[in-house]
Amino acid sequence: MRSKNVSAGGAPLLEPAADVVIDFTDSAPVDLGGLTLLLTAQQMAQETDRKVWLRALPHRTWQLLYALGLEDCFELFPAGGEAMN
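Count the sequence shown with my numbering and you get residues 2 to 86, in order.
What follows is the structure, given as structure tokens:
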């Protein structure tokens, strides 16, 4: 009989991956390099069935994501009324 936490070869199974939270507290709006990193993080998370949450996202960054049609690619992390709906 095999344990639920061990593969057939005896190696431990990995736990499900956690979602990613990117905290923008006290940061400036993202530039092109930052946008590239956000999109890369989102793509990598999507490949492993995870979500990318954005916390304290600067309003101008939200406007950029919205203008590019990318607002549905990320979740907005609620942080004491700072979340954008």
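Ideal placement from N, C-alpha and C gives every residue a C-beta, glycine not left out.
**Prompt:** Do Phe78 and Gln43 have their C-beta atoms within less than 8 Å of each other?
**Reply:** no
**Request:** Take Ser28 as the anchor and find which of Leu55, Tyr67, Asp73, Val21 has the nearest alpha-carbon.
**Result:** Leu55
**Prompt:** Excluding the five sequence neighbours on either side, which residues of its own chain have a C-beta within less than 6 Å of the C-beta of Leu66, listed in chain order?
**Reply:** Glu72
**Prompt:** What number of angstroms, rounded off, separates the C-alpha of Leu36 from the C-alpha of Ala18?
**Reply:** 23 Å
**Asked** By the 10 Å Cβ neighbour count, where 16 or more other Cβ atoms means buried, how is Asp68 classified, buried or exposed?
**Response** First, the residue type needs correcting, since residue 68 is Ala and not Asp in the sequence shown. With fewer than 16 Cβ atoms within 10 Å of its Cβ, Ala68 is classed as exposed.
**Message:** Taking 8 Å as the limit between beta carbons, can you name the residues of its chain near Val21, skipping five residues before and five after?
**Reply:** Ala42, Ala46, Arg51, Lys52, Val53, Trp54
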